[in-house]
Structure formats: C-alpha cells, structure tokens
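Residue numbers (the numbering used here), protein chains in the order written: chain D, 113 to 625; chain E, 113 to 625. Beta carbons: idealized from backbone N, C-alpha and C, even for Gly. Here the structure is laid out as structure tokens; the discussion comes afterwards.
Number of protein chains: 2
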Amino acid sequence: MEPLSSQAALDWVIDALAMELTDPASGPLSRRLYLGLRERIQAGRLAPGSRLPSSRRLARELCLGRNTVLAALEQLVAEGFLETRPGAGTFVADLPRLAGASLESGTPSEQASMPASAAPKTREVSLSSRGTRLLGYSPGPNARPGVFTPGLPALDRFPQALWQRLMRRHLHRAPTEWLGYQAQGGVPALREALCDYLRLSRSVRCRPEQILIVQGAQQGFELIARLLTDPGDRAWVEEPGYGGAKACFEAAGLELHAVPVDDEGLRVVADLPAPRLIQVTPSHQYPSGVTMTLGRRLALLEAAERHGAWIVEDDYDSEFRYGQRPIAALQGLDDGGRVLYVGTFSKVLYPGLRLGYVVLPEALVDPCRRANARLHREGQYVVQSALAEFIAAGHFSRHVRRMRDCYRERQARLRDALAPAVSAGLKLSEGQAGMHLVAWLDDHTTEAALVARGIEHDIGLSPLSTYYLTPPGRPGLVLGYAGASEEEIARAGGWLCQEWLALRAASEPDARV
Amino acid sequence: MEPLSSQAALDWVIDALAMELTDPASGPLSRRLYLGLRERIQAGRLAPGSRLPSSRRLARELCLGRNTVLAALEQLVAEGFLETRPGAGTFVADLPRLAGASLESGTPSEQASMPASAAPKTREVSLSSRGTRLLGYSPGPNARPGVFTPGLPALDRFPQALWQRLMRRHLHRAPTEWLGYQAQGGVPALREALCDYLRLSRSVRCRPEQILIVQGAQQGFELIARLLTDPGDRAWVEEPGYGGAKACFEAAGLELHAVPVDDEGLRVVADLPAPRLIQVTPSHQYPSGVTMTLGRRLALLEAAERHGAWIVEDDYDSEFRYGQRPIAALQGLDDGGRVLYVGTFSKVLYPGLRLGYVVLPEALVDPCRRANARLHREGQYVVQSALAEFIAAGHFSRHVRRMRDCYRERQARLRDALAPAVSAGLKLSEGQAGMHLVAWLDDHTTEAALVARGIEHDIGLSPLSTYYLTPPGRPGLVLGYAGASEEEIARAGGWLCQEWLALRAASEPDARV
Chain D
113 MEPLSSQAAL DWVIDALAME LTDPASGPLS RRLYLGLRER IQAGRLAPGS RLPSSRRLAR
173 ELCLGRNTVL AALEQLVAEG FLETRPGAGT FVADLPRLAG ASLESGTPSE QASMPASAAP
233 KTREVSLSSR GTRLLGYSPG PNARPGVFTP GLPALDRFPQ ALWQRLMRRH LHRAPTEWLG
293 YQAQGGVPAL REALCDYLRL SRSVRCRPEQ ILIVQGAQQG FELIARLLTD PGDRAWVEEP
353 GYGGAKACFE AAGLELHAVP VDDEGLRVVA DLPAPRLIQV TPSHQYPSGV TMTLGRRLAL
413 LEAAERHGAW IVEDDYDSEF RYGQRPIAAL QGLDDGGRVL YVGTFSKVLY PGLRLGYVVL
473 PEALVDPCRR ANARLHREGQ YVVQSALAEF IAAGHFSRHV RRMRDCYRER QARLRDALAP
533 AVSAGLKLSE GQAGMHLVAW LDDHTTEAAL VARGIEHDIG LSPLSTYYLT PPGRPGLVLG
593 YAGASEEEIA RAGGWLCQEW LALRAASEPD ARV
Chain E
113 MEPLSSQAAL DWVIDALAME LTDPASGPLS RRLYLGLRER IQAGRLAPGS RLPSSRRLAR
173 ELCLGRNTVL AALEQLVAEG FLETRPGAGT FVADLPRLAG ASLESGTPSE QASMPASAAP
233 KTREVSLSSR GTRLLGYSPG PNARPGVFTP GLPALDRFPQ ALWQRLMRRH LHRAPTEWLG
293 YQAQGGVPAL REALCDYLRL SRSVRCRPEQ ILIVQGAQQG FELIARLLTD PGDRAWVEEP
353 GYGGAKACFE AAGLELHAVP VDDEGLRVVA DLPAPRLIQV TPSHQYPSGV TMTLGRRLAL
413 LEAAERHGAW IVEDDYDSEF RYGQRPIAAL QGLDDGGRVL YVGTFSKVLY PGLRLGYVVL
473 PEALVDPCRR ANARLHREGQ YVVQSALAEF IAAGHFSRHV RRMRDCYRER QARLRDALAP
533 AVSAGLKLSE GQAGMHLVAW LDDHTTEAAL VARGIEHDIG LSPLSTYYLT PPGRPGLVLG
593 YAGASEEEIA RAGGWLCQEW LALRAASEPD ARV
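Structure (structure tokens):
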C-alpha cells in the first residue's frame, strides 16, 4: 500500500521533526534529529526502501545547518538504519520491526513510535440490542447492486455532462461563507425551486421556509424521530414496509407496530394501540405499489389527530407514474399540521447525491432547523445550488419525463420476459408507478428457492417476506427494473421466468402429465 | 417569489395535463383540457398574469389537434379564467382564490387543486422530551458566525482554486457506479491516503479497511451511539465538554454523566458509575485546551476495559499545534480494541464539506459499515476522491502547515489585544494548540454582562458555562480566533479588553483610587 506520494509522507515526517527540534530540552540538534528519524524508521513510519530527501533539502526544511543534518544521517547509516546507494541517495533500511520496544520510556515522542502494524487484538464484539436489530435491516457484508436491486435509478441515463457543467459553474460561483457552518435550512434558491415543484406537481402546500434540506431522506427520518419521539414511544409502520425507515425508528429506540396494508393502502382499524409517529408511503406504497385511497387518507389524518401523532409521508418515487394522474400528496389534505412530507433526490437524480428534504408543518420549522444544524450540520451548498438551477431551468422536469419513458419501457421488458410465467399463474403487481414490480409467490419455499438460485447465478433477488416486521410475511419478490438496461432485464427476467416455471413443474408433477 | 423560469412551471403543468388527458374516462379531450387548466388557474398554480404557450405549442406538447386546444382556450377566455391581450398572447386572469371550493367532489385531480396558499393552521407543538433537551444544545434561531465563533477555520485562506480544479477533474472522471448506493465504507483511495496520514502524523494504528468515511464527525457519533448503546445506557462526557457530541448522545436516549476535567485531562476517580460509552478529546480538550497526560490515558483505557465500555476519541483539531510535538492518539495506546477514533475535515478543510471519519476496532468494521450504509447511506464519492488526491499529492499537509502559521499569528493578535486585561488579571488558556482560547472569568455576572454587551455590539461571545452539563459551570468565554482576519480579531479583541476592564473597574471601585 503506497497511495501517498512519498513527498506527502516526507512532508509530515519533516513537519513533525521540525516541531520536535524546537524543544530545547531534548539535547543537541543533531542528536534530536538522529533520534527523531530513528524512531520513525523503527516504527515503520518511514517505509523501508524509501528515499530520503537530500541533506541540503532536509537542512533547509528543518532550518538546521547542513553539517548538523549530515552528522545525524551518518550516525544512522553507521548504525544500519539508513543505507547509502552510490549515485542514488540515502534510503531507509529494511529492518525487522521492534514491536512495542520503544514504548517503555513513555515520553510522548516515543509513544508516537509504536509500530503502525501492531493492530490491537480483536475482541468479542458486544453490540447494543438496538444495534443488533439494526443489523437485521442492513445489507449483508457482500451486498452489491444487481439487475433487480429495488430503488436504483437508471444511472446510465443521468445527464452527466449537463450536471457536471452546472456543478463546475456553481463551484466557481460559491460564496466563501458556504464553506462554513450554515443553519439556513438549505440554499434558499433550492428551497424556492423545490417549493414550486412540490406545489405544482405534488399538490404540497408550503412556503419555501417550511422546507428543510437534509442529506438524504434517511436523515429526515432520523431528525423527525429524535425531535418528536422518546425511546419507548410507539411508531406505526406499514406491513409490508420500507426497511430504511424502520431501521431509523429502531435506532431511535421506538417500539414498532405493524399496520397491515391492503389494496387501498394502510388500514386504520379501531383497536390499534396509540402511536406517536406514523410512517406511510401513500402515493405508491413500498413495496406493494398500492395507492392509498382518499377515504383511507382521511381516516389516517383523523387517527393522527385523535392520537396526537405525527405522520411521516414518505414520497420516494411518485414522479414516475405511467398513464395515471399524479396523486396529490397526503400533506396537501392535512389541515392539522400533523404531516411531515419527506422527499428524496436519490430516485429522480441519483442516490450518491445524498440530498433529500422535509416539508415541515409551520410549528416545527424552527425546532427542526435548529436541531438539524446541531445534530447533522448543513453542507453541500454548492451541490444544492447546482440542483436549484437544474430544477428552475427545467432540466429536472425534462429528466423526469425521460426517465418515465425509460422506466415504462424497462417495466414492459420485464413483463415480457415474465409473460410465460404469468400465463402459468405468476401474479405481478400493477406497476402503474415507480421503479419496481412485486411478484407474489405461493409459498415461502418457492421464495427461498428462487433467492438461493439467484445467489448461484449472481442475480440478487429481494424476498418480499423480509419487508414484513412480523414473520413469516407474505412470500414474493421485489423486482427493481429501473437501474439495469433493457437487455439485462430481458436476460435476467427470462432466467427468473424459467426458474419459476421449473419450480412450479417440480412442485406439481401432475401438471406435466 | 418567482424563482422558476415560467418555462419550468409550464413544463410541469403541461406534463400533468398530458397524463390526465390519457384517461379516457373523463370525457372529450377538449373538455378535459379545459377542466385541467381551469383547476390549475383556480388553485393559483398557474400564476395570475403568466403567459400561456401558443395554442400551436400546447397542441404539440399535449399531442392534441390544434382545434381541440383552441376550443378549450376559448371557453376559458369566455368564462374569464384567461385573458387575451392583442399582440401579446393569452394570459392567466387575476382571480380571487376559491379556498377549498374544489375539494368537495373529492376526485384526485380536484384534490390537487387546493389553493397553494392555504397553509394548514399552526398548532401548539409538542416535541419529545429528548427533543426539548436537544434544542438546549442547538444554536438559537438567529445564530450566525462571528469573529469569535469557536471551531470556524480560516475560510478565506482555503485554496479554493486548487480545490475546484481537483473537484472538476474528479467530477469528470467519476465512474457511473459512484452515482448509486455504495457500501464500501468510502472511496478506497481516500481511506488509504487517510490511513497513511493518521499513522504518520497521529500515531493511529490502523489498516485502510478500518476507516469508515462519514458525512461529518456528528454522523460518526450518531452511528456509534446507536450501534453500541441502548436507550438508558450511561455515557461519560467531559465537564466542560463538546455540545455536539452531547446532543448526539441525548438524541440516542443516553443518560449523560459529567466527568470533571482538570489540568491533566479527564479524571477517572474510583466511584464513577459504570458507563457504556466514554467521550474524550485527549489531544486538545474541548473547550479547556488541556492535553490529557499519559497517566490519565492509561487510567482511562483501564477503566474502559474494566467496565466493558467503548471510548470515542474525538480528535477534532490536533493538526494545529504551535511549537509542540504532535501528541500520539489515545487509539495508538489501545490494545483492547475499545477506542473508536473520530476525525473531521471540517477544521482542516472546511465545515461545509461534510466529511469525517471513524477508525474502527477490527471487530466493529463490518457491523459499523453495514449499519452506516443502512442508516445514513454513503455518498459524495466525487468529493471523497478529490480529497484523496488532495491528501496524497501533499496539498493537505501544505495547507495544514500554512494554517498552523496563520492561526499562530491570529492567536498572537488576540493575545496582544487582550494584553492590558491580562496585565490586570484576566486569565487565558495556554493555547499551545487549536483554534480557540479560553478566557477564565471570576464570576457568572461578568460572563453574562460580557455576553449581553457582545449582543449589543453584534459580537457573539460563547459563554464557557454553557459547556457544562451541570449548572452553574465555570464562568468564562470560549474565543475562537481562526475564522476571522487579524484586523477583525484585533478590533474585536480590543473591544473585549475594554469591556472587561470597565466591568472590573465598576466592580472594584477601590482599584481606581
């Protein structure tokens, strides 16, 4: 591992040496330089084989006489810490490391010379109980995106050149104070452009001041949970529902209560235990794809009012609707100031952008902005500024339209590929919106078998049952189709279709007779 | 508020209209267009006075015959929703808004037409109890940086042109997958460069794989608290200590226990209640400026081992030491794998960058990386990549050296300005490192009086007593000197000196005799 220019490594060493040399208590200069270098060679912090700067340069950098430097270097060569190679210079010798040997005397500079390679011994790890639950929602150690990864947008279709041009321009223009700590709730131009977009396209009722820019929707969930709930409070979550939000609420110490989703969305029945927080995806339920009906929305708002609970409306991908009217946000129906509307740019632009937003009820604007500035800090103002132009100049709506066509096409490819299975009884969700389809399966055995076969073929499949809080959940697969090319989708879809048909045939031998 | 190009606003409206028009259930096309436009005019989402596109363009964008469009527009003009101005085009009329009028029928498209200006009524806000405590650590609603803001670096000295060049290059080079969800723990090149830097300059013992890049040190604290503690667990915090870390631990539901800091650092005495987490700033205690002695460090490590606790070492500004050896990190002394070393680029580069890191014990690498990918997501890989080059090419160490000189100079200006007060008995901290000095005051009355006078003169002063968990705390002022120019520091320092002398004179009338 040699990622540093040896220049940078030497800079640091010289720098540290220069400071040590200012300490008059530690003897003559030549001796101090000798000790400082020896220490670092022993500790492996000057890599074996690396070339030292010339004595002339060292003398200049350390503000020492050249003879002082030469005396130290000669001593080190004599003792074997350095080697001279004729015509090439002075090099660090390849020595066995002396683990911990220099720690005993205990002076700070000698503490600093412990071998870098002596990693502390590993110990049995004891996570917290919420930490352990958290990991249950977290990707496996080797998880990586694949053809069917839900929620991954078409990165290959993102207008990179345009975006880079905007970024360059806004980098150049950025006022110096944007480098500092900010607590405005985000770049004003972005909040204004976003406000117009949300009003026009999502029927969200807000002023720009109500918008808080956060580093991704997850940060929005976290802020809300911490500011509005205490450990032990109850949160209603959709069953099935989004793991990211559930992970945040677990992390906040909340008690999760699963509320079933049917084909009209979250169903508030009479005997549910009172919540403090309610998480919903009314525009396009995640992962089932259901749109919450007006009746259910009104019932939910009424329940929130009755319980004095807050509603977190997670509107993650409603930009992508196919041949359907845009659905007005729940927030737009809320006269009680109980809805916090959370949005993200991860789907419409790209996940690595790490920008999302929360539209806050008036009463929460000041506390949320202050708590966010304290807990998370604000930043990325240049990116926010570039994004504001991207929206206001119309690139955003154009990109949404293009992606809508692209995803419609990709969904059609997936449906085509799965058509033989569908003819044989495989059920798919309606797919009138969004970036994924759900394939409902008959049993958990099939779900597990398909996931296992997927691992063999390097095709990651997301089992629907893991989206349920209460086992066993309903069996199925959540099939993202937005992030892969039509060819990849057709190929992986064809494979999945064959696997499903083969499993079906194996489980119903009579059908083949 | 008209930040959008009217082009963008129209794009969205046309877009939504186009989708509505695909629904054959809602009558003839001309009627549907008429209703769609009327709805949006009533709702104020087409601003009064804004010009409509030509009927030709509308027809093209909506894929309608021009006569269909003309029929709809003529009807709207006839009803007074639109106005034609000779030679200028067709404009949206200025109508009174019909609040809620169109909600009654309850179809989704009519829900969408609620007036944007009808903000939900505000209600009495009920924060959680931890939320209320959190706000106690949060900046006031009108807080903004001033001459003495602690922790603000010299933004005017940041090498903007160089950084922008690096950013442009890395933007251009970024692989497409960096746009997506990542779970590698950060860009490998950055973790490698950082690892070398930490080993060489901070005596941290680690491999690049142990480094987790986070969006600021605060995110590191949050991750640690959630993964390693449960609500109700106890955390030791330094008294006085850093509000940002305390806010994170409060947010995580922890019970904070203040452990006093004296002139050797945090003092572990026998009867302290067992913690699960310990937060320390051993290199340069925040805010007192004390360097923790080797004896205290070893005692702390022993206590952590005995209690089975984790230590969070917050090394926030130790790059800036004046005429002193760099102090080896506590992490480098830890053989038990109990120390999590948290660092930030907010001080060395700039706060708006939002990048920090945690060096994890081996046993925590996998769980922390997975939990972080779930809770916070990774991102900003382009910035990380640019930063890797900034470090590896030596710009980082050069910038640190320049800033060290700059801050030494700025501290000297502040000392000069306060010299008359110091001669008269004002006590200042040693200031051998970092970006702020502490002025110790004799009583809380003086502290409050100076802060109040500061507000009058638009000079923000940070009262030391607010850094204490347990009131009343020790009176004093935390005086950042890194973020303002020498002239500003001299001026504000001179003002402060006079104020202090005046208060002193007023409280000791005999002294003037």
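Exercise. Where are the alpha helix (DSSP H) runs, 4 residues long or more, that stay fully inside the stretch 453-501 of chain D, in chain order?
Worked result: If only uninterrupted alpha helix (DSSP H) runs of at least 4 residues are considered, those enclosed by the stretch 453-501 of chain D are 474-487.
Problem set entry | Interfacial residues, the stretch 384-396 of chain E to chain D, with Cβ spacing under 9 angstroms | Within the stretch 384-396 of chain E, the qualifying residues are R388.
Exercise. Closer than 8 angstroms, CB to CB, is Y249/E near chain D or not?
Worked result: As a first step, residue 249/E is located in the second sequence; it is residue number 137 there, counting from the start. Interface residue, yes.
Exercise. Do you know how far the Cα of G377/D is from the Cα of A171/E?
Worked result: Position 59 of the second sequence, counting from 1, holds the residue named residue 171/E. Position 265 of the first sequence, counting from 1, holds the residue named residue 377/D. Distance from the CA atom of A171/E to the CA atom of G377/D, rounded to whole angstroms, is 37 angstroms.
Problem set entry | Interface residues of the stretch 574-588 of chain D facing chain E [CB-CB below 9 angstroms] | Residues passing the 9 angstroms Cβ filter: none.
Exercise. Is T196/D buried or exposed, if buried means 16 or more other CB atoms sit within 10 Å of its CB?
Worked result: Position 84 of the first sequence holds residue 196/D. Under this definition T196/D is an exposed residue.
Problem set entry | DSSP three-state assignment for H569/D, whether helix, strand or coil | Counting from 1 along the first sequence, the entry for residue 569/D is found at position 457. Coil, per DSSP.
For this session: With 8 angstroms as the C-beta to C-beta threshold (strictly closer), list the residues of the stretch 401-434 of chain D near chain B in chain order.
Result: The chain inventory of the structure shown lacks chain B, comprising the protein chains D and E.
Exercise. Chain D partners of C360/E, CB-CB under 7 angstroms?
Worked result: Looking up residue 360/E in the second sequence gives position 248. Chain order gives the chain D residues near C360/E as L487, where near means a beta carbon separation below 7 angstroms.
For this session: Ignore the nearest five residues each way along the sequence and tell me which others in D206/E's own chain have a CB closer than 6 angstroms to its CB.
Result: In the second sequence, counting from the first residue as 1, residue 206/E sits at position 94. Spatial neighbours of D206/E in its own chain (CB-CB distance under 6 angstroms, excluding positions within 5 residues in sequence) are listed in chain order as P160.
For this session: Compare the C-alpha of L246/E against each of A359/E, G258/E, L553/E, C307/E and name the closest.
Result: For this step, residue 246/E is matched to residue 134 along the second sequence. Nearest C-alpha to L246/E: A359/E.
Exercise. Span of the alpha helix (DSSP H) holding V93/E?
Worked result: The structure shown does not extend to residue 93/E, since chain E is modelled only from 113 to 625, so the question has no answer here.
Problem set entry | Contacts around G401/D, its chain only, beta-carbon distance under 8 angstroms, and the 5 residues preceding and following it disregarded | Against the first sequence, residue 401/D aligns to sequence position 289. Closer than 8 angstroms at the Cβ level, and outside the excluded window around G401/D, lie S541, E542, G543, Q544, A545, G546, H548, L549, V550.
Problem set entry | G332/E CB to nearest heavy atom of the ligand ATP below 7 angstroms | As for the ligand ATP, it is missing from this structure, which has no ligand bound.
Problem set entry | Where L158/E falls: helix, strand or coil (DSSP) | Taking the second sequence and counting its residues from 1, one reaches residue 158/E at position 46. Three-state DSSP puts L158/E in coil, outside helix and strand.
Problem set entry | Status (buried if at least 16 other CB within 10 Å, exposed otherwise) for R163/E | As a first step, residue 163/E is located in the second sequence; it is residue number 51 there, counting from the start. With fewer than 16 other Cβ atoms from the protein chains shown falling within 10 Å of its own Cβ, R163/E counts as exposed.
Exercise. Residues of chain D with a CB under 7 angstroms from the CB of A604/E: which are they?
Worked result: Within the second sequence, residue 604/E is the residue found at index 492, counting from 1. Chain D residues near A604/E: none, gap ~17 angstroms exceeds 7 angstroms.
For this session: Would you tell me roughly how many angstroms separate the C-alpha atoms of G148/E and E521/D, rounded to the nearest one?
Result: Stepping through the second sequence from its first residue, residue 148/E is reached at position 36. Stepping through the first sequence from its first residue, residue 521/D is reached at position 409. Between the alpha carbons of G148/E and E521/D lies a gap of roughly 27 angstroms.
Problem set entry | Reduced DSSP secondary structure (H/G/I, E/B, other) of E542/D | Sequence index remark: in the first sequence, residue 542/D carries index 430 (1-based). Reduced to three states, the DSSP call for E542/D is coil.
Exercise. What's the gap between the Cα of I325/D and the Cα of Q294/D?
Worked result: Walking along the first sequence from the start, residue 325/D turns up at place 213. Walking along the first sequence from the start, residue 294/D turns up at place 182. Distance between the alpha carbons of I325/D and Q294/D: 12 angstroms.
Exercise. Under 8 angstroms between C-beta atoms, does H284/D make it to chain E?
Worked result: As a first step, residue 284/D is located in the first sequence; it is residue number 172 there, counting from the start. So yes, H284/D belongs to the interface.
Problem set entry | C-beta atoms of L264/E and G592/E nearer than 8 angstroms | Here the question's residue 264/E lines up with position 152 in the second sequence. Here the question's residue 592/E lines up with position 480 in the second sequence. Yes, the pair counts as a contact, with Cβ atoms nearer than the cut-off.
Problem set entry | Cutoff 8 angstroms: A357/D Cβ touching any chain E Cβ | Indexing the first sequence from 1 puts residue 357/D at position 245. Using a Cβ-Cβ cut-off of 8 angstroms, A357/D does not count as an interface residue toward chain E, since no Cβ of chain E sits closer than that to its own.
Exercise. Tell me, which residues are paired with E351/D by DSSP?
Worked result: For the purposes of this step, residue 351/D is taken as residue 239 along the first sequence, with counting starting at 1. Beta-bridge pairing links E351/D to P372/D.
Exercise. Could one say the Cβ of Q330/D lies closer than 8 angstroms to chain E's Cβ atoms, at least one of them?
Worked result: For the purposes of this step, residue 330/D is identified with residue 218 of the first sequence, where counting begins at 1. At a cut-off of 8 angstroms between beta carbons, Q330/D contacts chain E.
Exercise. Nearest to L573/E by alpha carbon, out of F361/E, E351/E, P587/E, V316/E?
Worked result: Mapped onto the second sequence, residue 573/E falls at position 461. Proximity to L573/E across F361/E, E351/E, P587/E, V316/E peaks at P587/E, based on C-alpha coordinates.
Exercise. What residues match up with E599/E in a beta bridge as DSSP calls it?
Worked result: Reading the second sequence from its first residue, position 487 is the one you call residue 599/E. Its beta-bridge partners do not exist; DSSP assigns none.
Exercise. Is the Cβ of V460/E closer than 8 angstroms to any Cβ of chain D?
Worked result: Translated into the one-based positions of the second sequence, residue 460/E becomes position 348. Not an interface residue.
Problem set entry | Sequence-distant residues of its chain with Cβ nearer than 6 angstroms to Q272/D (five each side left out) | As a first step, residue 272/D is located in the first sequence; it is residue number 160 there, counting from the start. Excluding five sequence positions before and after Q272/D, none of the CB atoms of its chain fall closer than 6 angstroms to its own CB.
For this session: Assign C480/D to buried or exposed, taking buried as 16 or more other Cβ atoms, counted over all protein chains shown, within 10 Å of its Cβ.
Result: What you label residue 480/D is simply residue 368 of the first sequence in a count that begins at 1. In this structure C480/D is buried. Its beta-carbon is surrounded by 16 or more other beta-carbon atoms within 10 angstroms.
For this session: Go to R311/D, then tell me how far its alpha helix (DSSP H) extends in each direction, as first and last residue.
Result: Translated into the one-based positions of the first sequence, residue 311/D becomes position 199. Per DSSP, R311/D belongs to the alpha helix (DSSP H) from 300-314.
Exercise. Below 8 angstroms, can you find three or more Cβ-Cβ pairs linking the stretch 330-342 of chain E to the stretch 470-486 of chain E?
Worked result: Yes, the stretch 330-342 of chain E touches the stretch 470-486 of chain E.
Problem set entry | Where the stretch 489-501 of chain E meets chain D: residues whose CB sits under 7 angstroms from a CB there | Cβ contacts with chain D: R489, G491, Q492, Y493.
Exercise. Chain D beta carbons: is any one of them nearer than 8 angstroms to that of S214/E?
Worked result: Residue numbering aside, residue 214/E sits at position 102 when the second sequence is read from its first letter. At S214/E, the pLDDT of 35 sits below 50, so the modelled position is not reliable; the number obtained from the coordinates is stated separately. Judged by the 8 angstroms Cβ criterion, S214/E is not in contact with chain D.
Problem set entry | Proximity winner among C609/D, A475/D, E598/D, relative to A533/D (alpha-carbon distances) | Translated into positions along the first sequence, residue 533/D becomes position 421. Just measuring C-alpha positions, the residue of C609/D, A475/D, E598/D sitting nearest A533/D is C609/D.
Exercise. Using the beta-carbon count (16 or more within 10 Å), is N484/D buried or exposed?
Worked result: Residue 484/D sits at position 372 when you count from the first residue of the first sequence. Answer is buried; the Cβ neighbour count reaches 16.
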